[in-house]
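Undergrad:
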Amino acid sequence: MQVDRTSLICDILIQPFNTVPNRANDLKPLVDAKLIRKLPVSFYEERKFPQFAEYIQTNDDECGSNLAKHISCLLTDIFEKQDFDDTSEDMVHWGIDSLIRIPLQIFRESLGGGVLPIEMDRNSKDQGTTTVGNKRPDFLCWTNDVLLFKGEEKADAKDFSIAERELEDKFNKFDPLNFGNIQFMLCYAVAGPNLRFYAIDGSPNASPLNRLVPLSNRLDIKNSRDRVSILCIVINIARIIRTVSGRIPRPIVPIGKRMKLEKSTITFFDDSVEKMVSLNDLPHANDQNRVAFLLAVYNCAKGHPGLIQIKEGGGPKIRNRGTYRVVFETRGRNIQLNNENEVREMALSVLTGLAWLHENGYVHCDIRVPNIVFVPGVEDYKYVLIDFEHSNTSGFSPSELLKDWDSRTLNKKNKYTTQSDLYQFGKMIRNLNIVNSRDGNEFLNDLSNKRISSNDLLNHRWFE
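In this text, residue positions in the sequence shown follow the numbering used here: the first is 1, and each later residue adds one.
(1) Restricting to Cα atoms, I'd like to know which of L348, A33, R247 and C10 is closest to I372.
(2) Could you give the DSSP three-state label for F328: helix, strand or coil?
(3) How far does the alpha helix (DSSP H) with S218 in it reach, from first residue to last?
(4) Counting only runs that start and end within the region 80 to 142, where is the beta strand (DSSP E) found for 3 or more residues in a row?
(5) Taking only the alpha-carbon atoms, compute the straight-line gap between G332 and Y55 and give it to the nearest angstrom.
(6) Going by C-alpha distance, which of V326, R321 and N194 is nearest I310?
(7) Please list, in chain order, all residues of the same chain as T397 whose beta carbon is under 7 Å from its beta carbon, the five residues on each side excluded.
(8) Run through DSSP, which three-state label would Q15 get?
(9) Tell me which residue opens and which closes the beta strand (DSSP E) that K260 is part of.
(10) So Y362 and S399 are supposed to be a Cβ contact under 8 Å. How far apart are they, rounded?
(11) Who are the Cβ neighbours of I335 in its own chain at under 7 Å, not counting the five residues just before and after it?
(12) Could you name the residues of the same chain whose beta carbon sits closer than 6 Å to that of G322, not counting the 5 residues immediately before and after it, in chain order?
(13) Spell out the partners DSSP gives N392 in its beta bridges.
(14) Can you give the Cα-Cα distance for H358 and K427, rounded to whole angstroms?
(15) Tell whether a beta-carbon distance below 9 Å holds between T211 and D220.
(16) Can you give me the C-alpha to C-alpha distance between E119 and V228, rounded to a whole angstrom?
(17) Measuring alpha carbon to alpha carbon, tell me which of V213, L111 and G192 ends up nearest Y198.
(18) Count the other CB atoms within 10 Å of the CB of L261; is the residue buried (16 or more) or exposed (fewer)?
(19) Identify every residue that forms a DSSP beta bridge with F197.
(20) Suppose contacts are defined by Cβ-Cβ distances below 9 Å. Is P40 in contact with I71 by that definition?
(21) Taking the CB atoms as reference points, tell me whether V31 and I182 lie closer together than 9 Å.
(22) Whole angstroms is fine: what's the gap from E464's alpha carbon to L458's?
(23) Quick check on the DSSP output: the beta strand (DSSP E) that includes G151 runs from which residue to which?
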């Protein structure tokens, strides 16, 4: 009994590219890239179709593989006999599934979801921001839960322009929160037997914005040469997906879904984040002026880098049901710091914000990794200090200690000061176990010694 070598074949075929594409214009040379190896077939089709000999080959140890059998099926005349000009959209789906969905499914099952992390569906809703409202693309392919490849299909060949238009009409926007630095979506339009691949350009300088960038000529799925071309493009699309999958942040941030945290609930929207806290869990809630104080702190942060920004009109309020509510313009992800350069960038950004709070007499009091977020899609000050609900004025005497404080957090008079903030910040960074340089450790020592201000620390040579 012959061993199915599909996994070994796919591991060679679907190698990641050496360059990581970020923009639509990066994709054309990758889509056109030559195959790493010839495609396996089962019945010596390279003899029947000598014009395809550079693309296909029959090997005794591969001809029984699932991939070889499927490719051989694609080269039969079953497509030529199918009347794609006078059929239903469901029959168009059959042809496109054979050429696109099934090969991708074979690649995923052979390589495993860890290598090619894709999920596919038809006429389904996308939970991200890339699709308008309740509109449903005909074909969807998610990578790490982000819609990275989609298609629109029409039964009548005369409706090709409609399929093209729907690619754009159903598209909403790229959300850096989920796409990271990736500014493209792969897609295709089909009408009758005609198929063409595109990318939607989401780069800020795209003109017009979100324009369709052609990645192929218009191909005829009834033509065997074009079917081979389609299969080669699908293989390269799988390679592109494998290449960029590690750059897509995980998990996806669902839009409009309330997420329960330890003592609060947050909801992400297209342009804002809503935070709600029960009054029972709001720090210092027994202080009648507490909400007014928090509004003053958030207003102080307005327009200053390194600090979370409230949305216009979204300042702290108490709702009728005894719930504290605040709406933010800042939308960020949990931080993931992998090296000292990233820690340095984070420290400079957060310290810049902290220095402004300190200059205005405020202290944060709850500086921890969960209270710093990374804001993708911005050039400078990508790391932001959030969660001001424990904030206070410098030099206050706490009635209770937070769990991350230790015996050195307060000063000798048991007061929390700006130096307490810096001490907590230094302790947080040291616990990351990433900073190893001499200047970096000197910076951490300055934070823990409580002898230098936040403004002076901004001029530290670690930041040079």
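The C-beta atom is built at its ideal place from N, Cα and C for all residues, glycine as well.
TA: The relevant details are as follows:
(1) Counting from 1 along the sequence shown, the entry for residue 372 is found at position 372. Distances from the alpha-carbon of I372 to those of L348, A33, R247 and C10 put L348 closest.
(2) If you number the sequence shown from 1, residue 328 lands on position 328. Residue state for F328 is assigned as strand, using DSSP reduced to three classes.
(3) Taking the first residue of the sequence shown as position 1, residue 218 is located at position 218. The sequence as given places Arg at residue 218; Ser does not occur at that position. It is not in any alpha helix (DSSP H) - R218 carries neither H nor E in the DSSP assignment.
(4) DSSP runs (the beta strand (DSSP E)) wholly in the region 80 to 142: 118 to 122.
(5) As a position in the sequence shown, residue 332 is number 332, starting the count at 1. As a position in the sequence shown, residue 55 is number 55, starting the count at 1. For G332 and Y55, the distance between alpha carbons rounds to 46 Å.
(6) Within the sequence shown, the letter at position 310 stands for residue 310. I310 has its Cα closest to that of V326, out of V326, R321 and N194.
(7) Stepping through the sequence shown from its first residue, residue 397 is reached at position 397. It is Ser, not Thr, that sits at residue 397 in the sequence shown. Cβ within range, chain order: N414 and K415.
(8) Here residue 15 refers to the residue found at position 15 when the sequence shown is read from its first residue. Correct three-state label for Q15: coil.
(9) As a working note, residue 260 is residue 260 in the sequence shown. Run containing K260: R258 to K260, per the beta strand (DSSP E) assignment.
(10) Taking the sequence shown and counting its residues from 1, one reaches residue 362 at position 362. Taking the sequence shown and counting its residues from 1, one reaches residue 399 at position 399. In this structure Y362 does not touch S399 by the C-beta definition: roughly 18 Å separates them, more than the 8 Å allowed.
(11) The residue labelled residue 335 in the question sits at position 335 within the sequence shown. So the qualifying residues of the chain are M346, V369, I372, V373, F374 and Y383.
(12) As a working mapping, residue 322 is identified with position 322 in the sequence shown. Excluding positions up to five away in sequence, the list reads L279.
(13) By one-based count along the sequence shown, residue 392 stands at place 392. Within the DSSP bridge table, the entry for N392 names V363 as partners.
(14) The sequence position of residue 358 within the sequence shown is 358, counting from 1. The sequence position of residue 427 within the sequence shown is 427, counting from 1. For H358 and K427, the distance between alpha carbons rounds to 18 Å.
(15) Working through the sequence shown from its first residue, we reach residue 211 at position 211. Working through the sequence shown from its first residue, we reach residue 220 at position 220. Residue identity check: residue 211 is Arg in the sequence provided, not Thr. It is not a contact, given that the beta carbons lie outside the stated cut-off.
(16) By 1-based counting over the sequence shown, the position of residue 119 is 119. By 1-based counting over the sequence shown, the position of residue 228 is 228. Their backbone Cα atoms lie some 24 Å apart in a straight line.
(17) Within the sequence shown, the letter at position 198 stands for residue 198. Checked all of V213, L111 and G192; the closest Cα to Y198 is V213.
(18) Numbered from its first residue, the sequence shown carries residue 261 at position 261. It counts as exposed.
(19) Counting from 1 along the sequence shown, the entry for residue 197 is found at position 197. Residue pairing by DSSP places F197 opposite Y188 in a beta bridge.
(20) Mapped onto the sequence shown, residue 40 falls at position 40. Mapped onto the sequence shown, residue 71 falls at position 71. Result yes, Cβ atoms of P40 and I71 sit closer than 9 Å.
(21) On the sequence shown, residue 31 is found 31 positions in, with the first residue counted as 1. On the sequence shown, residue 182 is found 182 positions in, with the first residue counted as 1. Going by C-beta atoms, V31 is not nearer than 9 Å to I182.
(22) Here the question's residue 464 lines up with position 464 in the sequence shown. Here the question's residue 458 lines up with position 458 in the sequence shown. The straight-line gap from Cα to Cα measures roughly 10 Å.
(23) As a position in the sequence shown, residue 151 is number 151, starting the count at 1. Here the beta strand (DSSP E) through G151 covers V146 to K154.
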